[in-house]
Structure formats: structure tokens, C-alpha cells
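Remarks on the structure that follows.
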């Protein structure tokens, strides 16, 4: 488990990711599970960014399914 309270300087990236998830969900009701791929070199914060989006209160409210 990643402690996202320790992550600094990724607020813009965090907001973009959460907005992408929520916009995808609201625009196309046919999509049951929005999927976004995060790729890049090791150690740049992909897992931290994912953990933030997973725990964000808006995704808790608007997305029913989490894997």
C-alpha cells in the first residue's frame, strides 16, 4: 500500500486523471468500467497516481465498480 499523503507536486496530474475517469463515465453510459493506461519508466509515480485516483472521494461517489 502506498501512502499518498507523502506524495508531493502531482496535484495537476492527479486532477487530470480523476477528471478523465469521471468524464469517461458520464459521457458514455455504455462503458461500465472506464480504463486508462498509465505507462512510463519505473519510479516516476504511476502507482502513486493510480492509488490517489482509486481513493479520491469523487471516484468513490461516482464509480460503482473498482478493481
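Numbering (UniProt numbering), first residue to last: 1 to 67. Every residue gets a Cβ at the ideal spot worked out from N, C-alpha and C, and that includes glycine. All of these numbers come straight from a predicted model, not from anything done at the bench.
**Request:** Determine the DSSP secondary structure at residue 37, reduced to helix, strand or coil.
**Result:** Counting from one through the chain shown, the residue named residue 37 turns up at place 37. In this structure, residue 37 counts as coil in the three-state DSSP scheme.
**Backbone CA spacing between residue 47 and residue 13 [nearest angstrom]** = As a first step, residue 47 must be located in the chain shown, where it is residue number 47. As a first step, residue 13 must be located in the chain shown, where it is residue number 13. Taking the straight line joining both Cα atoms gives about 13 Å.
**Message:** Just to confirm before moving on: does the CB-CB distance between residue 10 and residue 43 stay below 8 Å?
**Reply:** To locate residue 10, count along the chain shown from 1; it is residue 10. To locate residue 43, count along the chain shown from 1; it is residue 43. No; because the gap between Cβ atoms is not below 8 Å, this pair is not in contact.
**Asked** Given that a residue counts as buried once 16 or more other Cβ atoms are within 10 Å of its Cβ, and exposed if not, what is residue 21?
**Response** Along the chain shown, one-based indexing puts residue 21 at 21. That one is buried.
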